[in-house]
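Enquirer:
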Amino acid sequence: MKTLRLLGIQAAVLMLLALVLVAIAEAYLRLTVPESSSESIFIYTLETGRYKLMRPDAEIVAWGKPLRTNALGFRDRQSEVPAKQPGEFRVVVLGDSFTVSAGVAYDDIYTTRLERMLRERHLNVKVMNLAVSGYNIVQYELVLKEVALALQPDLVLVAVFPANDFSNETLEANLRRARGEPEPPAPRFPRSLYVYQAWGGKIEAKLASLLSGKAPAKGEGTGWQDNTAALARIAQTAQAHRIPVLVTALPHTWSFRAELPLHDKVYRFCDANGIPTFNMIQAFIASGVKESSLRLNALDSHPNETYNLVAAGALAARLERALVLPEHSPDASPVALPR
230 MKTLRLLGIQ
240 AAVLMLLALV
250 LVAIAEAYLR
260 LTVPESSSES
270 IFIYTLETGR
280 YKLMRPDAEI
290 VAWGKPLRTN
300 ALGFRDRQSE
310 VPAKQPGEFR
320 VVVLGDSFTV
330 SAGVAYDDIY
340 TTRLERMLRE
350 RHLNVKVMNL
360 AVSGYNIVQY
370 ELVLKEVALA
380 LQPDLVLVAV
390 FPANDFSNET
400 LEANLRRARG
410 EPEPPAPRFP
420 RSLYVYQAWG
430 GKIEAKLASL
440 LSGKAPAKGE
450 GTGWQDNTAA
460 LARIAQTAQA
470 HRIPVLVTAL
480 PHTWSFRAEL
490 PLHDKVYRFC
500 DANGIPTFNM
510 IQAFIASGVK
520 ESSLRLNALD
530 SHPNETYNLV
540 AAGALAARLE
550 RALVLPEHSP
560 DASPVALPR
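Just so we're aligned, residue 230 is where the sequence shown starts under our numbering, counting upward by one.
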């Protein structure tokens, strides 16, 4: 009996200590993780097959950093979208949340950094970020047709995120919200805790994967088929308008090595369809950066400033080889040679 009582006391003490540690970790995260605006920057509509848009001329705070949109509803530092200037070489970038990079200052996201790096040699280069969080490649294609072509691009950079860009789940969720269907309930305890969002959810997902005996399938099924078909059509549409296309796959901030098979699958598809590519994940691996150093914060595994710096540097080096500035005129527009 005494042994059972002693075990019970020890278990209670351990549980109390665990609760204290959780409370300390929760307080630490609440104090150190920057806050975000409570309002959403998104609107949902049936007027476009994208179903989800960012509000034009809007501003929110994402993880302590301002996120502004221009008159077209894409991330920018100003509302006005400038007309293309004579001799300007314009790059439009299609992408999702890893290209929007909420939580990172506009001057530090990779599209802005890329523009600055290219302008060191090519003064007339303009890089335009046309990414929207949660988009897949089906939606990228619609951005190209509905917005990008009218901006007269000289190069279309498609920054796919293989971890979820070849799925239709979010697109279908966007459609449901655009139809006015009930939204999922807000997370309840313990999922509302920062501790759960930082570590608990990942542990839960890992345990579920181990218990089921298989990892979630990626790069398979109708999502893969629909989105690779959209990627091929992006290239075809650009080709019809005589605009070069370059596809790169942005890595997640977890395990580069684990991602390699899916990234390779994307590049094999592009190679088979004659679409020029740049292997970004190999550039990250070659840089020697650790995945854990690239996450925005403990709650959000989206890219931070370091991630954006590495991505911009790798792309600038790739495009420096692809942009040839005619020597006869310092103001002449560079010519894209993405292959």
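Using N, Cα and C, we set each Cβ at its ideal position, and we do this for glycine too.
Values in this document were obtained by computation on a predicted structure and should not be read as measured data.
How many Å lie between residue 301 and residue 285 at the Cα?
Expert: Numbered from its first residue, the sequence shown carries residue 301 at position 72. Numbered from its first residue, the sequence shown carries residue 285 at position 56. Looking at the two C-alpha atoms, the distance is approximately 6 Å.
Enquirer: Does the stretch 522 to 530 come close enough to the stretch 488 to 506 that 3 or more CB-CB pairs lie under 8 Å?
Expert: With the cut-off at 8 Å, the stretch 488 to 506 and the stretch 522 to 530 do not touch.
Enquirer: I need the DSSP call for residue 485, collapsed to helix, strand or coil.
Expert: Reading the sequence shown from its first residue, position 256 is the one you call residue 485. It is helical.
Enquirer: Nearest by alpha-carbon distance to residue 254: which of 508, 512, 424, 504 is it?
Expert: By 1-based counting over the sequence shown, the position of residue 254 is 25. Nearest of 508, 512, 424, 504 to residue 254, Cα basis: 424.
Enquirer: Please name the residue in 464, 401, 534, 520 whose C-alpha comes closest to that of residue 503.
Expert: Numbered from its first residue, the sequence shown carries residue 503 at position 274. Residue 464 is the option with its Cα nearest to residue 503.
Enquirer: Please state whether the Cβ-Cβ distance between residue 320 and residue 361 is less than 8 Å.
Expert: Translated into positions along the sequence shown, residue 320 becomes position 91. Translated into positions along the sequence shown, residue 361 becomes position 132. It is not a contact, given that the beta carbons lie outside the stated cut-off.
Enquirer: Out of 332, 259, 266, 282, which has the shortest C-alpha to C-alpha gap to residue 569?
Expert: Nothing can be reported for residue 569, as the shown portion of the chain is limited to 230 through 568.
Enquirer: Please classify residue 274: does DSSP put it in a helix, a strand, or coil?
Expert: Mapped onto the sequence shown, residue 274 falls at position 45. Reduced to three states, the DSSP call for residue 274 is coil.
Enquirer: Identify which residue in 268, 334, 259, 273 has its Cα closest to the Cα of residue 296.
Expert: The count along the sequence shown starts at 1 and reaches residue 296 at position 67. Residue 334 is the option with its Cα nearest to residue 296.
Enquirer: Once DSSP output is grouped into helix, strand and coil, what is the label at residue 388?
Expert: Numbered from its first residue, the sequence shown carries residue 388 at position 159. Note: residue 388 maps to strand in three-state DSSP.
Enquirer: For the stretch 310 to 324 against the stretch 375 to 389, are there 3 or more C-beta pairs whose distance is under 8 Å?
Expert: yes
Enquirer: The alpha helix (DSSP H) with residue 374 in it runs from where to where?
Expert: Working through the sequence shown from its first residue, we reach residue 374 at position 145. It spans 366 to 375 - the alpha helix (DSSP H) in which residue 374 sits, taken as one unbroken run.
Enquirer: Tell me the DSSP secondary structure of residue 558 in three-state form.
Expert: If you number the sequence shown from 1, residue 558 lands on position 329. Here residue 558 scores only 43 on pLDDT, less than 50, and its place in the model should not be relied on; the value that follows carries that caveat. Residue state, collapsed to three classes: coil.
Enquirer: Tell me where the beta strand (DSSP E) around residue 526 begins and ends.
Expert: Within the sequence shown, residue 526 is the residue found at index 297, counting from 1. Where residue 526 is concerned, there is no enclosing beta strand (DSSP E), given that its DSSP letter is neither H nor E.
Enquirer: DSSP three-state label for residue 544, please.
Expert: Translated into the one-based positions of the sequence shown, residue 544 becomes position 315. If DSSP states are grouped into helix, strand and coil, residue 544 belongs with the helices.
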